[in-house]
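So for the sequence shown, UniProt numbering puts the first residue at 1; every next one is plus one.
Glycine residues also receive a C-beta, built at the ideal position from the N, C-alpha and C atoms.
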Amino acid sequence: MAKRKKKHEEHIDETWLIPYSDLLTLLLALFIVLFAASSVDAKKFSQMAASFNVALNGGASVLDFPSPVEPIDSEEQSLMKPGGNEQIVDKNQYEQQMKYLQETEKLDQLKKQLDGYLESNNLTGKLHTKVTDEGLLITIMDNALFASGSAKVKEEARNLAFEISKLLEPDGRRVTVSGHTDTVPIRNSQFSSNWELSSQRALNFMTILLENKKLDPRKFSARAYGEFQPVASNQTNDGRATNRRVEVAILRNFEKDKSSEIKK
Numbered sequence: 001m002a003k004r005k006k007k008h009e010e011h012i013d014e015t016w017l018i019p020y021s022d023l024l025t026l027l028l029a030l031f032i033v034l035f036a037a038s039s040v041d042a043k044k045f046s047q048m049a050a051s052f053n054v055a056l057n058g059g060a061s062v063l064d065f066p067s068p069v070e071p072i073d074s075e076e077q078s079l080m081k082p083g084g085n086e087q088i089v090d091k092n093q094y095e096q097q098m099k100y101l102q103e104t105e106k107l108d109q110l111k112k113q114l115d116g117y118l119e120s121n122n123l124t125g126k127l128h129t130k131v132t133d134e135g136l137l138i139t140i141m142d143n144a145l146f147a148s149g150s151a152k153v154k155e156e157a158r159n160l161a162f163e164i165s166k167l168l169e170p171d172g173r174r175v176t177v178s179g180h181t182d183t184v185p186i187r188n189s190q191f192s193s194n195w196e197l198s199s200q201r202a203l204n205f206m207t208i209l210l211e212n213k214k215l216d217p218r219k220f221s222a223r224a225y226g227e228f229q230p231v232a233s234n235q236t237n238d239g240r241a242t243n244r245r246v247e248v249a250i251l252r253n254f255e256k257d258k259s260s261e262i263k264k
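Structure (structure tokens):
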């Protein structure tokens with residue numbers, strides 16, 4: 001009986017599986033590196049790990065082991081995102097600038113109130129108001145408050161002090177009162193120098209402001225500058241008269257952010 005010939009079995013070439021497996025491994029490693037570099041959510045990480053295991057027909061993989069990346073909270077995630085720090089800084093700067101602008105509006109309103117009082121009492125030539133980066137600056141010529149060479153506040157100047165003190169009530173802002181003189185030396189029975197004169201003038205006017213019991217004395221300070229902060233030339237009579245002054249500065253609660261400006 002003739003023997004049956006065995007059919008020739010052809011073997012499928014499976015050598016391509018090796019580079020294919022290596023390729024998948026490299027892609028997986030790349031994914032892990034990229035994923036670890038970004039902000040990680042633990043739940044999503046586990047779900048992705050399970051999906052990869054199913055796609056690779058199960059079995060242990062790198063994703064089966066505990067992740068070396070600790071889950072992070074939302075605040076840390078925002079810091080790790082590209083530009084996160086810049087975004088937070090920009091937001092803080094924006095909020096600071098908005099507070100500064102809102103405060104400027106309030107100071108402008110105070111200025112208008114005081115300017116109205118000055119106009120109605122014919123004091124515009126003796127007082128000046130200006131909103132600056134530091135706050136609302138009220139400049140009072142010395143002859144509106146004092147006699148020549150004296151630090152005693154005139155009786156008629158008390159009403160002015162009272163009006164200014166009322167402006168200070170609502171917000172409880174910090175206030176500085178500073179005295180200034182010209183360069184002409186003073187020597188009388190009361191004062192031996194312009195330092196003493198400017199100091200006593202500032203202190204006396206501040207004391208009258210604080211007669212308003214609604215004000216907090218802890219927010220006030222007096223300063224003396226003598227002739228050393230002139231705003232005009234001391235070579236003329238008009239210049240010297242301008243330099244003899246008392247300044248009341250209603251200070252801001254928020255400083256201007258000079259590092260960035262809001263784009264209009």
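Listed as beta-bridge partners of residue 223 by DSSP are 178. Closest in C-alpha terms to residue 210, from the list 164, 234, 182, comes 164. DSSP assignment within the UniProt domain "OmpA-like" (133 to 254) yields the following whole beta strand (DSSP E) runs of 3 residues or more, N-terminal first: 135 to 141, 175 to 180, 220 to 224, 245 to 251. Residue environment for residue 206: buried (at least 16 other C-beta atoms within 10 angstroms of its C-beta). Contact between residue 256 and residue 100 holds, since their C-beta atoms are separated by about 5 Å, short of 8 Å. Here residue 222 has 177, 202, 203, 206 as same chain residues with Cβ atoms under 6 Å from its own Cβ, once five neighbours each way along the sequence are excluded. Boundaries cannot be given for residue 123, as no beta strand (DSSP E) includes it and DSSP labels it neither H nor E.
Here residue 99 carries a helix assignment [DSSP, helix/strand/coil].
When secondary structure is reduced to three states using DSSP, residue 256 falls in the coil class, being assigned neither helix nor strand.
Annotation: residue 184 to residue 228 spans about 12 Å, alpha carbon to alpha carbon.
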